[in-house]
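Here is the structure we will look at.
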Amino acid sequence: MIENKTILESLERQLCTGCGTCVALCRQKAIKLVKDVQNGIYIPHVERELCNNCGICLKVCPGPGIDFDQLNLEVYGKISENILTGIYRNCYIGYATDHDIRHQSSSGGLITALLIYALEERIIDGALVTRMNKNKPLEPEPFIAKTKDEIIEASKSKYCPVPANIAIREILEAKDCKRFAVVGLPCHIQGLRKAEMINKELKTKIVLHLGLFCNHVPNFWGTKILFQKLKIKEREIIKLDYRGDGWPGCMKINLKDGTIIIELADFWRFLGMYFFFPTRCLMCSDLFCELADVSFGDAWLPELSNDKIGTSIIISKNDIAENILLKLKLKEKIELCEIDVEKVIQSQVKPVYFKKKNLAASERLFKNVPVYNNVLEPDRIDKLLAVFPYVNSRMCSKSYFRRILRYVPFEILSTYNNAYDKLFLKKVKQDKKI
Ligand SMILES: Cc1cc2nc3c(=O)[nH]c(=O)nc-3n(C[C@H](O)[C@H](O)[C@H](O)COP(=O)(O)OP(=O)(O)OC[C@H]3O[C@@H](n4cnc5c(N)ncnc54)[C@H](O)[C@@H]3O)c2cc1C
């Protein structure tokens, strides 16, 4: 008998994103996610006795790559004309008018406001969102929120691996008449769209796909080593928030005997280092969550530098997104202001370059990198610049190197990382295409 391929093929080629789609779609319940401690990510484990080799897990896996033209045709009925952003209808900046929601979210609280409205208006019966696990405060917990409080509890970005799509199983098990929203990173929405291609029930039940912009997700070592350096004991942590408390917000670590607050700029200097990039994130071409109905990011724009509460940047891509955003605006639940697509790119220049040129350069340099049809042509310097993040990301999977990281002072690590970033930014500026 010729064996169908399973999700283990993605894993063996180091292409698994840890999104969890395979777990939810496996009818045999033969797949669960486990932690790959060396790499600080989630990976699938297949129970051989339960697996019937149907191959669905691999079909829905975003890991081996995405044919963006094919999925754009399927989702939006056309292919993208903008290689940097993917398909867009309109771009906006905006925020929730409820001060507390805006203040306690990542950027403008738009996702939280939108989901609450969709629940209250019965557009959806639940939303797939992610909160931090109460019993394991450093681990995320994707779940289906069915109340306003649960949606608020799940607000704010989680800068650690999140297997959001495992909760799709609950959507599949819900009654046929139930409708849902899903909030996810680009890899989650890619997996979901692939799953919807082969599971029409899922396509009917999920009526809103809300995407987050994403440059990369730091692996678990980012947070762990940060806490080791700060001499924070994991067992003392009761609750962890990566964002919130205004703009750009701060990390809040609730300990048994007090609270530690670290500004975003301070903790991101460490967490954002290339050591903590999962290697798979270096192979992703999708910053703006190109397959969502609407995607949201931080509005890093100079004109908003005095903002103290938070503003989101939004790319709406279809009628579904436009209808709900405009209704929210009419009901005065959100403020929205239309902007040019160039502003969106301006707010994310470095990540855009990273996704579109650095990846293309990696494609030429490293085996196993999926080939995408939404990247730009790299030149020789791009190829040179692609080596550093790759090597750094691989180094972090070695335990001896992680031990060294614990003891090297922040300043030295920052200088090392910044030297590369300077070269990188110089190249971005020279590049007329971005
Ligand atoms: C790992 C990561 C990387 C990001 N990178 C960028 C970037 O490069 N540029 C940029 O402009 N913006 C980036 N963002 C998006 C930005 O941080 C905000 O999440 C976004 O602007 C939405 O803000 P909001 O206030 O509307 O969301 P909120 O109202 O705070 O709601 C956030 C929603 O996202 C869900 N969520 C949070 N974290 C995750 C996660 N890791 N996986 C799945 N769902 C999650 C929550 O459950 C919640 O429903 C990133 C977010 C994450 C999580």
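If you're matching positions, the sequence shown starts at 233 in this note's numbering and goes up one per residue.
All residues carry an ideal CB built from backbone N, CA and C; glycine is no exception.
All of these numbers come straight from a predicted model, not from anything done at the bench.
Extent of the continuous alpha helix (DSSP H) to which residue i belongs
i, result
"D539", "Looking at the DSSP string, D539 is not in any alpha helix (DSSP H), and its letter there is neither H nor E."
"R501", "496 to 503"
"S646", "642 to 662"
"V278", "Here V278 belongs to no alpha helix (DSSP H); instead the beta strand (DSSP E) covers 273 to 278."
"G454", "452 to 461"
"L265", "Careful: L265 lies outside any alpha helix (DSSP H), inside the beta strand (DSSP E) at 263 to 268."
"L440", "It is not in any alpha helix (DSSP H) - L440 instead sits in the beta strand (DSSP E) that spans 438 to 444."
"C289", "288 to 291"
"I552", "551 to 562"
"L616", "612 to 627"
"F300", "300 to 308"
"A406", "Counting along the chain, A406 falls outside any alpha helix (DSSP H), and DSSP gives it neither H nor E."
"K582", "581 to 585"
"V576", "573 to 578"
Selection from the options that minimises the alpha carbon distance to residue i
i, options, result
"H277", "R596, E244, R354, L424", "E244"
"R475", "A413, R363, Q460, D614", "R363"
"F656", "V581, V266, S339", "V581"
"I566", "F412, T329, I315", "T329"
"K388", "C628, E402, L417", "L417"
"E241", "V269, K291, E352, L257", "K291"
"K390", "Y320, Q460, S339, A427", "S339"
"R334", "P480, K465, N538, E595", "P480"
"F375", "I400, E353, L351", "I400"
"K661", "D614, I492, E535, E385", "D614"
"D518", "C419, D663, C251", "C419"
"L514", "C446, R280, R634", "C446"
"A256", "K426, L562, N304, V307", "K426"
"K461", "V269, R634, A406", "R634"
"K630", "C254, T253, V269, N314", "V269"
"L247", "Y585, Y652, F598", "F598"
"Y274", "P510, I636, T238, C323", "P510"
"K463", "F528, Y639, L342, T543", "Y639"
"K261", "K559, T647, E405", "E405"
"S579", "V623, E281, S544", "S544"
"E402", "E433, P393, V307", "E433"
Where the beta strand (DSSP E) containing residue i begins and where it ends
i, result
"N486", "482 to 487"
"A671", "Nothing can be reported for residue 671: it is not among the residues displayed for the chain, which extend from 233 to 666."
"A524", "Where A524 is concerned, there is no enclosing beta strand (DSSP E), given that its DSSP letter is neither H nor E."
"D357", "Per DSSP, D357 belongs to no beta strand (DSSP E) and is neither H nor E."
"A377", "372 to 377"
Assigned secondary structure, residue i (DSSP; H/G/I helix, E/B strand, else coil)
i, result
"R363", "strand"
"R400", "The amino acid occupying residue 400 in the given sequence is Ile; Arg does not appear at that position. I400: helix per DSSP, three-state reduction."
"Q246", "coil"
"C513", "helix"
"E241", "helix"
"G326", "strand"
"L190", "Nothing about residue 190 can be reported from this structure: the residues present for the chain run from 233 to 666 only."
"I319", "coil"
"E466", "helix"
"P602", "coil"
"C251", "coil"
"L257", "helix"
"L568", "strand"
"I197", "Residue 197 is absent from the model: the chain starts at 233 and stops at 666."
"L608", "coil"
"D187", "Lying before the first or after the last residue shown, residue 187 is absent from the chain, which here runs from 233 to 666."
"G423", "helix"
"I384", "helix"
"I493", "strand"
"I636", "helix"
"K588", "helix"
"S389", "coil"
"I547", "strand"
Open item on the list: Would you call the stretch 539 to 552 in contact with the stretch 497 to 517, where contact means no fewer than 3 C-beta pairs closer than 8 Å?
Closed with: In this structure the stretch 539 to 552 does not lie against the stretch 497 to 517, because fewer than three pairs of beta carbons, one per stretch, are closer than 8 Å.
Task: Given 8 Å, three or more beta-carbon pairs between the stretch 523 to 539 and the stretch 597 to 616 - done: With a cut-off of 8 Å on Cβ pairs, the stretch 523 to 539 is not in contact with the stretch 597 to 616, counting fewer than three such pairs.
Open item on the list: Taking 8 Å as the cut-off, does the stretch 355 to 372 touch the stretch 406 to 426 (at least 3 CB pairs, one atom from each stretch)?
Closed with: Yes: at least three Cβ pairs fall under 8 Å.
Open item on the list: Closer than 8 Å is the cut-off here; do at least three beta carbon pairs connect the stretch 595 to 603 with the stretch 282 to 301?
Closed with: Touching, yes, given that three or more Cβ pairs across the two stretches are closer than 8 Å.
Open item on the list: Could you check whether the stretch 334 to 354 touches the stretch 379 to 396, counting it as contact only if at least three pairs of C-beta atoms, one from each stretch, sit closer than 8 Å?
Closed with: Three or more pairs of CB atoms, one per stretch, sit closer than 8 Å, so the stretch 334 to 354 contacts the stretch 379 to 396.
Task: Any 3 or more C-beta pairs closer than 8 Å across the stretch 437 to 444 and the stretch 453 to 461 - done: Cβ pair count under 8 Å is below three, so no.
Open item on the list: I want to know whether the stretch 532 to 539 touches the stretch 459 to 472 - three or more CB-CB distances under 8 Å.
Closed with: Touching, no.
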